[in-house]
Amino acid sequence: MTDTLSHRQKMLTFGGILLAMFLGALDQTIVSTALPRIVADLHGLDRFTWVATAYLVASTALVPIYGKLADMYSRRTIEVVAVSVFLLGSGLCGLAGEFGPLPLLGDGMTQLVVFRAVQGLGGAGLFAMAFIIIADLFPPAERGRYQGFTGAVFGTSSVLGPLLGGFLTDRGTGLIPGVAGWRLVFYVNLPLGLVALWFIVSQMPPLRPRTAPKPFDFVSALLLVAGLGPLVVALQLNRAQYGWTAPLTLGLLGGALVALALFVVRSLRHENPILNFSLFNNKVFRTANAALFLMGGAFLGVIIFEPLFMVNVLGESATRAGVSLIPLSLGVVTGSLLAGQMVSRFGHYKYWMLGGLTLLLGGLSLLATMPPTVQYHQVLMYLAVCGLGLGPTMPLYTLAVQNATDPRLVGQATSASQFFRQIGGALAASALGAVLSFTLAHELPATAAAAPRPTVVAEGPVVAAGAPSPATRAAFSKAIGRIYLFTIFLVVGGFVTTLFIPELPLRKTNDGPPAGGGE
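Following this note's numbering, the numbering of the sequence shown begins with 8 at its first residue and continues without gaps.
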């Protein structure tokens, strides 16, 4: 399919895809820094969590659909659509509230929530299509070294996002006359996205499917969105207001269950399903995605709750709490690149997966046993170890799935891997947030218990300002220790699951049947 492409064409296409992926990864971290200022300007404190939830719902629900479309139509066309929708959403987010309340869209904060959903519709494709197109450009035996760069993209964006977001929010006002600094957090996507579009349109080959497309199943697509949307919203609800037995929570979960059950029935009967359930007959696909489900939760467990420890136990500023994640990001970059290079050179991806998980378990054990008197620099070292362990999990599970999958279904298989990672993260974030709230409710004294509690949202925790009291330090230390202990169980589960992933030889071509079968 791409054998006739020159190395230069492949690398230019690869660069454009990584730049588009960087846009989506940067957006996940840059916006959280600007949220307090956005909420203040748009007077929307009561809806601030929906800025994150709207994006998460849209991006999660559309991932499997992008995978199916990539198996049916030109990959280039789908990528151009994804980037264009993301840029449209970014521009609209920057304009939210500029013209006052609008018909149907309401005030500025409601506009922002709607436009973030539009942005999420495109953002889903930025991640899914990156891995799918890389699979087209390079055979599995070479793919590891290139997929390793995807982990580097995530790591780099997690460092640059908060720094750039803080700079634009605090000092960006006036760079463009009459434009508030926080709006530049969204506008910065436009020039980067246009460069990515130029690369994709001018350098990327069409990458058409291997078989003639059949009619797209719109009914299944609607059922999938109708199921995943309420599911993600239910997981993101504030448990202090809507517990697991609250009517709204139960209604959303019940509706999601019915829609997803209908989606499965429809998919099993339709000749061209959005997700071909025969993929689950493949042992590599089953076990790798089960591990990804657990690892998605482990990743969020580290990245969401560590800043809470820094602020509420060590008494660090929000800025220093954000900076403390840099060693984690650098570890992810290093681990991802190193594992990708080593797998392409020596093979045996499973060894590197297990080695990474072993490192991650060591780092999490250190985090779980931190006393309230731990030093700032010690936490940074523990996070670096965790990052080195997390790095190989980004590219290698996806590589294993792609290597074992029929090339005609690589889009669906790849997007399914991303989907299971995201859903695992959403479920774990909700469960770990419940652990936090439960522990604080029992550990804080009555006077402190009456104080507002930190809220965990998809784009990071909201923490209270001010030096923590000794009681607060002790309570948060115990709560976050329990969270990391829970995260260790997730990683142990991922480790055990990974042991059962068949080690198949990496194919040296993109043509032909999957390696070894993996049944």
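Glycine included, each C-beta is placed from N, C-alpha and C at the ideal position.
Computed from a predicted structure; not experimentally measured.
Length of the line joining the Cα atoms of P512 and L416: Between P512 and L416, the C-alpha separation is close to 19 Å.
Whole-number beta carbon distance between G363 and A375, since they are thought to touch under 8 Å: Contact flag wrong, Cβ pair sits at about 18 Å.
One or two residues paired with I183 in a DSSP bridge: DSSP output for I183 lists T180 as bridge partner(s).
Under the three-state DSSP convention, the category L109 falls into: Assignment of L109 by DSSP, reduced to helix, strand and coil, places it in the strand class.
Distance between beta carbons of W189 and R44, contact taken as under 8 Å: With a Cβ gap of about 5 Å, R44 and W189 count as contacting.
Residue closest to L367, alpha-carbon to alpha-carbon, out of A59, L492, G107: Ranking the options by Cα distance to L367, first place goes to L492.
Helix, strand or coil at L223 [DSSP, three-state]: Checking the sequence shown, residue 223 turns out to be Phe, not Leu. If DSSP states are grouped into helix, strand and coil, F223 belongs with coil.
Nearest to V339 (by Cα), restricted to the options T380, V381, P399, L371: Closest by alpha carbon: P399.
Neighbourhood of F284 by C-beta, 8 Å cutoff - its chain only, sequence neighbours within 5 removed: So the list reads V271, S274, L275, once near-sequence residues are dropped.
Bounding residues of the alpha helix (DSSP H) (the contiguous stretch that carries R359): In the sequence on display, residue 359 carries Trp and not Arg. Secondary structure note for W359: its alpha helix (DSSP H) is the uninterrupted segment 356-375.
Three-state secondary structure (DSSP) of Q248: It is coil, neither helix nor strand.
Cβ separation of A263 and L238, assumed to be a contact under 8 Å, to the nearest whole Å: Going by Cβ atoms, the distance from A263 to L238 rounds to 4 Å, so yes, they are a contact pair.
Three-way DSSP call (helix, strand, coil) for P334 in this model: The DSSP-derived three-state label of P334 is helix.
Which listed residue (R327, I140, A103, S422) has its alpha carbon closest to that of N517: Looking at the Cα atoms, I140 is the closest of the given residues.
Residue of K290, F316, G322, P334 minimising C-alpha distance to I508: Nearest to I508 by alpha-carbon distance, out of K290, F316, G322, P334, is K290.
Rounded C-alpha distance that separates A457 from G74: At A457 the pLDDT is 42, less than 50, meaning the model places this residue with poor confidence; the figure from the coordinates comes in the next sentence. Cα to Cα, A457 sits roughly 47 Å from G74.
Span separating the alpha-carbon of I183 from that of N196: Their Cα atoms are separated by approximately 15 Å.
Nearest-angstrom beta carbon gap, Y356 and A407 [assumed within contact, 8 Å]: Contact holds; Cβ gap of about 6 Å.
For D413, the three-state DSSP class (helix, strand or coil): Three-state result, D413: coil.
Beta-carbon proximity list for P146, same chain, < 7 Å, skipping 5 on both sides: Taking P146 as the centre and dropping the five residues before and after it, the same chain places the C-beta of R514, K515, T516, N517 closer than 7 Å to its C-beta, in chain order.
Beta-carbon proximity of L94 to G200, cut-off 7 Å: In this structure, the beta-carbon distance from L94 to G200 falls below 7 Å.
C-beta atoms of G303 and G432 nearer than 7 Å: With respect to G432, G303 sits close: the two C-beta atoms are nearer than 7 Å.
Collapsed DSSP secondary structure at A103 in the structure displayed: When DSSP states are grouped into helix, strand and coil, A103 belongs to the coil group.
Straight-line gap, L25 to A137 (C-alpha atoms, nearest Å): C-alpha separation (whole angstroms): 7 Å.
Coarse secondary structure for L282, derived from DSSP in three states: L282: coil per DSSP, three-state reduction.
For Q126, three-class secondary structure by DSSP: Looking at Q126 - three-state DSSP - the assignment turns out to be helix.
Secondary structure of Q382, DSSP reduced to three states: Coil.
Beta-carbon proximity list for L33, same chain, < 6 Å, skipping 5 on both sides: Counting only Cβ-Cβ distances below 6 Å, and skipping sequence neighbours, we find S164, G168.
Straight-line gap, F29 to S97 (C-alpha atoms, nearest Å): In a straight line, the C-alpha of F29 is about 14 Å away from that of S97.
Separation of A295 from N279, as counted between CA atoms: Their backbone Cα atoms lie some 24 Å apart in a straight line.
Same chain only: Cβ atoms within 7 Å of I281, ignoring 5 sequence neighbours per side: Excluding sequence neighbours, I281 sits near P71, I72, K75, D224, S227, A228, L231, S274.
Y383 burial status per 10 Å Cβ neighbour count (16 or more: buried): Y383 is classed as exposed because its beta carbon has fewer than 16 other beta carbons within 10 Å across all chains shown.
CB contact below 7 Å: A233 versus chain B: The question asks about chain B, but that chain is absent: this structure has only one protein chain.
Short Cβ contact (7 Å threshold) for V92 with L128: A contact, by the Cβ cut-off of 7 Å.
Cβ distance (whole Å) where G172 is taken to contact T40 below 8 Å: With a Cβ gap of about 3 Å, G172 and T40 count as contacting.
Cβ neighbours of L191 in the same chain (closer than 6 Å, five flanking residues each side left out): Result list for L191: L175, G179, in chain order.
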